[in-house]
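Take the position in the sequence shown, starting the count at 1, then add 248; the result is the number in this note's numbering. In what follows, a single structure is set out as structure tokens and then discussed.
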Amino acid sequence: MKRKFYLPILFVLLFVLVSCNGSGLKPISEMTAAEFSVYVHSVYNSQYDQYMVDVKQPNLSEDQKSILKIKKTVLTEMYDPMMLFTSYVKTGVIPPDELRMRVTNILSRLIELMK
């Protein structure tokens with residue numbers, strides 16, 4: 249059962265790594281605010297979609313349920329700062345460095361959950 253649970257996560261991670269490598273994705277520290285916003289939304293949306301698939305699986309183990317609870321918490325925590333960052337970008341204002349750092353830190357936690 250664990251294999252079925254982690255297999256989709258592995259495919260998403262593999263897809264992200266392959267697509268990033270092939271597209272010449274810049275390191276996060278070198279992305280413009282607009283590029284960073286698009287990247288964050290992409291990761292967030294893919295992980296939200298994966299969460300919705302995983303949470304509907306029958307017979308989840310306690311470990312799987314625990315991971316999903318953590319993932320939900322991280323996704324929830326990320327939403328408001330991500331949307332605030334995007335609103336800065338849409339209005340042409342440079343987002344504060346503190347906000348970018350906060351989004352980056354939450355994004356790192358979300359990516360860590362993909363492993």
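Don't be surprised by glycine CBs; every beta carbon is placed ideally from N, CA and C.
Using the C-alpha atoms, what's the distance from residue j back to residue i?
i: residue 309; j: residue 317; result: 12 Å
i: residue 280; j: residue 307; result: 43 Å
i: residue 370; j: residue 283; result: This structure leaves residue 370 out entirely; the chain is present only between 249 and 363.
i: residue 294; j: residue 360; result: 14 Å
i: residue 304; j: residue 315; result: 14 Å
i: residue 342; j: residue 313; result: 39 Å
Let me know the secondary structure DSSP gives residue i once reduced to three states.
i: residue 341; result: coil
i: residue 273; result: coil
i: residue 304; result: coil
How about residue i and residue j: do their beta carbons lie closer than 8 Å?
i: residue 358; j: residue 330; result: no
i: residue 337; j: residue 285; result: yes
i: residue 323; j: residue 296; result: yes
Once the 5 residues before and after residue i are set aside, which same chain residues still bring their CB inside 8 Å of it?
i: residue 287; result: 273, 276, 279
Suppose the cutoff is 6 Å on Cβ atoms and the five residues either side in sequence are ignored; what does the same chain contact list for residue i look like?
i: residue 319; result: 299, 361
Between residue i and the ligand SAH, is there a pair consisting of the residue's CB and a ligand heavy atom that are separated by less than 7 Å?
i: residue 300; result: Among the ligands in the structure shown, none appear at all, so the ligand SAH cannot be discussed.
Which same chain residues end up closer than 7 Å to residue i when comparing Cβ atoms and leaving out the 5 residues on each side of it in sequence?
i: residue 354; result: 322, 325, 326, 329
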